[in-house]
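Those protein sequence lines, which keep their order, are chains A and B. Heads up, the first sequence is in this note's numbering, so the first residue is 1 and it goes up one at a time. Heads up, the second sequence is in this note's numbering, so the first residue is 1001 and it goes up one at a time. As structure tokens, the structure follows; a few thoughts come after it.
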Amino acid sequence: MTFLNPYILALLATVAAPVLIHLFSKPQLRRIRWAATRFLAASLEKNRRRLRVEDLLLLFMRAALVVLLVLIFARPALLTTGDAALSSGETAAAIVIDNSASMGQSDGGETRFAEARAAARTIIGQLSRSSSCSLWLAAAPRPTPLAAKPSQDFALLRRLLDNAAPGDFASDLRPALEAAADSLATATANKEVFVFTDGQSAAWRQSGDIRKLVEKHRGKIRFHFRTIGKEGADNLAVTGLKTSGSLAAPGQKIRVTAEITNHGKTAATKIPVKLFVDGEPAQDEAVCENVAPGETKAVVLFASIRAAGRHTLRAEIPPDRLPADNSRAAAIRVASKLTTLVVDGATANAANTAERDGFFLRNALLPVAPGAAKNYFLQTTAAGVAALEDPAALRRYHAVFLCDVPALSRAAAQNLAAYVAAGGALLVFPGPTANLAFYNTDPDFAPLLPATLAPARDAPEPQKFLTLQTRNYAHPVTELWNEPGAGNLGTVRFSRYYPLTLKTAGTTGTTTVAAATTTAAVRHAAVLTYANNEIAAAATEAAASASAASGKTAAAVTAATGAANAKDAGEAAGAEAAGTAAAVRRGRVLLFGAPATTAWGNLPVTTAFVPLVARSLAYACDTDDPRRFNLAAGQTFAAEVPAEYAGRDISVLRLSGVAGDAPKTAGRVERDLDGLYRLRVKDTALAGAYAVWLGNAKTPWTRFAVQSDPAESDLKMSPPSETDLILKAADTSLSPDTRTASASADAGANGANVANTNNAGANGADVSSLSRASVPGTELWFWFVLAALLLALTETAFAHASSRPR
Amino acid sequence: MSEARQTDNLLDPDALSRAEHLGILARTVVEGYRVGNHRSPFRGFAIEFAQHREYTPGDDPRHLDWKVLARTDHYYIKQYEQDTNLVVHLLLDSSESMSYRGTATTHTKFHYAKALAACLAYLVLLQRDATAVNIFDTDTREHIPRTDNLGKIHHIMSRLAAADANRRTQIGSAMADLAKTATAKGIVMLFSDIFDDEEGFHQGLRQLRFQGHEVVVFHILDRDEIEFPLTGRVEFIGMEGNPTLTLNPAAIRKAYLAEMQALRSRVKLACDQAKFHYILADTAVPLAETLGAYLVARKQRGK
């Protein structure tokens, strides 16, 4: 029990009042000459003990009555566990719970999210009847309002809290804080915002904006940041999952790379990694031998998919305390058949096909025995530039290779531009006959190319040849050679080449692109650069645009993906590109600096040529933005469907591998404003592989994957400087005690911690570990008044019964 | 004091008018020569000389022994056996405790007792019986010899009025004295609160009974002493040398009443055992009522 007006307790000294009154008062004493004093003395003697007991009882009751009166004015209240920073009296509170994936970690019991929920319930329980509260879940891409406006229906708020489901979202506190602060705009009571977060570094990425927000509301709203739990334990995570850039075809082995990151402080050894396809039993399993702290290791697994279409892959490691990142899913497209057109330039009419410029390419595209070529999923057609004149014929091909084409007719150039814009893949190998004026200036063709070609140049002395880069392959096309067992491109030599000058995004209607094949957060690198002269030319692009049509520049994307990538791009700056890539509307264009023949180099006759061509083709054909099928948690999945499916029910199942899971209805196919019909799945809170059915179909219409932010796997707490800056914004400082308590999250130091937090909180903001302090709960004054009344009645009755003056 | 000296107050006209026709009847058969109220146990007529006694002022000069005066020049009174058939001895306690006056009354217990005694003396004389008065505290302070002369009533009253109640008491010795001097059977009427010397009272009762007296005990108590209605904090100043007590009377009221009831029960029991009258004289009750009640009861028992 505690008291809301403890200073009133000083009046407890008045408990001596009855005694003092008795001692110092001069009661009206009647004097009577009495004859029968003999009997009085006898009566007194007989009742002396009883009288003393009665006197003591009366004294006790009267003193107790005084004590009760003092206690009533001191406002007694039951102690309950709660947050000491909450103001007493009428309060307009907003509670923000971090709903990022890292809140799913536990210390063996409750998850951080469950603890935050319990703490929020405590806050609600502490609110007075006239108070109100709004509830927000903070996560990317947008905060989720559980109760957008402050409500006084605490039962409803509790129910909303109980029903709040955790998700595998990325951290983003600022928008939720802003929304929470806005929700209190019209409130007149004490405004308090409580933020419950695990204090993970990722949550404070926008500490600058948070600081500004706190600063903006200084003096109006008090912000209380409560970190839950200790700094994260060892955490192993699958932070990446992607196919290795090769073409995925039915029955073909798909090379899948799973990245295992050790965020702990000790090395992890012998980590079994399993690969699942579409929720079926594991297809492959590998062991990651040793991952040092802070290191990321790639594990190669293989999968085989029987049918064409969208499929999901899921890599899984043994469970730990953060389940969200113990598996990672990715959606891939398996093409049923791929047709390519290899356009020979000047040598198109050569009788000997071996003399044609596309000879090596055609063979590289069909790396099977001649008898098996018909059944191979990749079909190649050789033709001259005239084949580009027919736009209808052109649309039948998935990809077009231009091999030493000097120039194109205007119609062909326009057809090709339209073909690329419609989603076609174009791979250009300029040869000795190339008309550079056409390549660089043709109004239809030049905008397709990601670079301009300088006049051909011989390799510099003294080697007289150029080699390709031997390491640090950043582009999806070439990253295969980062693996030690895959060899490298160092054996490729060029004696002559076209220097490529990269265009800046948007200048010619092209956008340099290096989109990942599987995830939105892969490392970006040049397709290919020369190794000589310390070139590393063309950090061609490092870009992965959110969508090709969005026009985001490589630089913008690079900046957004963090310092590591920016550093790589910086290292690559100045390197000379041997090949570049760009997205043009819905299609992709790859431009190389040399022909695919042996005229200027040995590339076509090296072992790397076949995989390089295959991977280039796979990359160029993957125009269907994989990010549409590989979403961040919380993003809405949308896919076009034919009009015949209009109104069909959409059923979704998260392929968790748990038997008995049934698909859930997720709405119906609806027509959008653009006239297209789309299915939408909004409930993508949990990471994993999803399958979508339309109507009563037995096979899924499509599949997609939801991925958590790899940054969520790093459970390190934010550095003190971040929280200090926020406190400075609130014109206050964090006392050393609080800082220590915050860092150690020692439950035993809660008392001091809370006290310090209170002091800090009075000035605008405070940051501390979540504490279960004892705070005043239900007020007891009613019961004390009742007790006082009963005692007064008892005292009166007793005094009357024992014939005592009052 | 002034109250005590107002002789006119002692005879309550209302009491007398109501009591006059009742008379005082001797419960037992007494010796006497008069015919009327009292039947004599003796045959014939006899008034015998008993002794001489020195004359004191107030004695009837008719009883002077002139012969002795002539011979010795000393004044002696001739005393005879049995001047009358009924002698009522009025024994009045004049101790300090009798001076208490409660809140419900306008007079002290002593005044009430004097008035009661005066009325009874008047009644006795009125019916031609004799009466004698003894006022005592630790000793007999005032003695009014027996007389059957109604004209002496004023003398009795003035002596009663002059009496004060301001000393301790020894009721036992007063009763013993009376038993020694009043050899003839008579009625002894005791007016006292009997707060002190309870043992002496019982002893006196036994002696008087042995002498053949009929004893009537008027237990004079104030209403406050009977009901003890006092409240608040009170300092009780003890009388007759008793200590002073400061206490809350309401707190011990029950115990006090028990003590008081026990006293009354003991006194009444002693009277009942000796077949004596016990009359509780509550000073808040009008004198006529107390006297009438006693006389009615006495008359009924006398039949």
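Glycine residues also receive a C-beta, built at the ideal position from the N, C-alpha and C atoms. If you're wondering where the values come from, they're calculated on a predicted model, not measured in any experiment.
Residues near residue i in its chain [Cβ-Cβ closer than 8 angstroms; skip 5 each side]
i        : result
E1227(B) : L1257
L40(A)   : W34
L68(A)   : F784, A787, A788 and L791
T1244(B) : E1235, F1236, I1237 and G1238
K716(A)  : Q200, S201, E231, G232 and H263
L161(A)  : R117, A120, R121, I124, L135 and L146
P6(A)    : A74
R680(A)  : T636, F637, A638, I650, A666, G667 and E670
Residue of the options minimising C-alpha distance to residue i
i       : options                                   : result
R321(A) : L301(A), L790(A), V420(A) and G229(A)     : G229(A)
H398(A) : A421(A), A407(A) and A413(A)              : A421(A)
R52(A)  : A1251(B), Q1300(B), V1285(B) and L1263(B) : A1251(B)
H224(A) : F194(A), A620(A), A249(A) and R628(A)     : F194(A)
L378(A) : V342(A), V405(A) and A407(A)              : V342(A)
A138(A) : I95(A), L448(A), K374(A) and I332(A)      : I95(A)
L236(A) : R328(A), R310(A) and N163(A)              : R328(A)
L448(A) : T312(A), N290(A) and L591(A)              : L591(A)
T186(A) : T91(A), A369(A) and E712(A)               : T91(A)
Alpha-carbon spacing of residue i relative to residue j, whole angstroms
i        : j        : result
A93(A)   : S132(A)  : 6 angstroms
F3(A)    : V66(A)   : 17 angstroms
A118(A)  : M103(A)  : 13 angstroms
G579(A)  : G593(A)  : 6 angstroms
S802(A)  : D55(A)   : 9 angstroms
L1208(B) : A799(A)  : 50 angstroms
P166(A)  : A140(A)  : 13 angstroms
V400(A)  : A282(A)  : 37 angstroms
V214(A)  : L156(A)  : 29 angstroms
P1041(B) : D1059(B) : For P1041(B), the predicted model reports a pLDDT of 42, less than 50, meaning its position is unreliable and no value from the coordinates is stated.
A393(A)  : L416(A)  : 11 angstroms
T227(A)  : A203(A)  : 11 angstroms
G487(A)  : L686(A)  : 38 angstroms
D234(A)  : D107(A)  : 11 angstroms
Y1033(B) : E1142(B) : Here Y1033(B) scores only 35 on pLDDT, less than 50, and its place in the model should not be relied on; the value that follows carries that caveat. One C-alpha to the other measures close to 29 angstroms.
A1179(B) : E1214(B) : 11 angstroms
F1136(B) : T1169(B) : 8 angstroms
T467(A)  : L612(A)  : 15 angstroms
Contacting residues, own chain, Cβ-Cβ under 6 angstroms from residue i (five flanking each side not counted)
i        : result
L694(A)  : Y645, R648 and W701
K253(A)  : F302 and S304
R62(A)   : P18
A16(A)   : none
G144(A)  : The amino acid at residue 144(A) is misidentified as Gly; the sequence shows Thr. These residues qualify, in order along the chain: L137.
I1153(B) : Y1122 and L1125
Cβ-based neighbour list, residue i, same chain, cut-off 7 angstroms, excluding 5 preceding and 5 following
i       : result
A811(A) : For chain A, the structure presents residues 1 to 806; residue 811(A) sits outside this window and is missing.
D344(A) : R356, D357, G358, A382, G384 and C403
N440(A) : A446, T452 and L453
T606(A) : T491 and V492
L78(A)  : M1, G777, T778 and L780
**Q.** Contacting positions in the segment 28–52 of chain A - beta carbon closer than 8 angstroms to chain B
**A.** Q28, L29, R30, R31, I32, R33, W34, A35, A36, T37, R38, F39, L40, A41, A42, S43, L44, K46, N47 and L51
Q: Below 9 angstroms between beta carbons is the criterion; list the residues of the segment 1232–1246 of chain B that meet it against any residue of chain A, in chain order.
A: With the criterion set as a beta carbon lying under 9 angstroms from some beta carbon of chain A, the members of the segment 1232–1246 of chain B are G1232, R1233, V1234, E1235, F1236, I1237, G1238, M1239, E1240, N1242, P1243, T1244, L1245 and T1246, in sequence order.
Q. Given a limit of 7 angstroms on CB to CB distance, which residues of the segment 782–802 of chain A reach chain B?
A. S802
Q) Hey, which unbroken runs of the alpha helix (DSSP H) at 4 residues or more fall wholly within the segment 397–425 of chain A? A) You should have 410–421.
Q: With 7 angstroms as the C-beta to C-beta threshold (strictly closer), list the residues of the segment 1257–1269 of chain B near chain A in chain order.
A: If you check each beta-carbon in the segment 1257–1269 of chain B against every beta-carbon of chain A, the ones closer than 7 angstroms belong to E1259 and M1260.
**Q.** Uninterrupted alpha helix (DSSP H) stretches inside the segment 79–135 of chain A (no shorter than 4 residues)
**A.** 112–126
**Q.** Inside the segment 1263–1299 of chain B only - beta strand (DSSP E) runs reaching at least 3 residues
**A.** 1277–1282
Q. Just by C-beta distance, which residues in the segment 1159–1171 of chain B are closer than 9 angstroms to chain A?
A. The residues in question: there are none.
Q.
Which runs of the alpha helix (DSSP H) at least 4 residues long sit entirely within the segment 1207–1236 of chain B? Give them in chain order.
A. 1223–1227
Q. Mind listing which residues of the segment 1172–1198 of chain B have their C-beta closer than 7 angstroms to chain A's C-betas, in chain order?
A. D1193 and F1195
Q: Could you tell me which uninterrupted beta strand (DSSP E) segments, each at least 3 residues in length, are contained entirely in the segment 42–73 of chain A, listed from first to last along the chain?
A: none
Q | In chain order, each alpha helix (DSSP H) run of at least 4 residues that lies wholly inside the segment 1114–1183 of chain B | A | 1153–1162 and 1171–1181
Q: Determine which residues of the segment 1089–1123 of chain B have a Cβ less than 7 angstroms from any Cβ of chain A, and write them out in chain order.
A: S1097 and Y1100
Q) Which runs of the beta strand (DSSP E) spanning at least 3 residues fall entirely within the segment 618–675 of chain A, listed in chain order? A) 630–632, 637–641, 649–654 and 664–668
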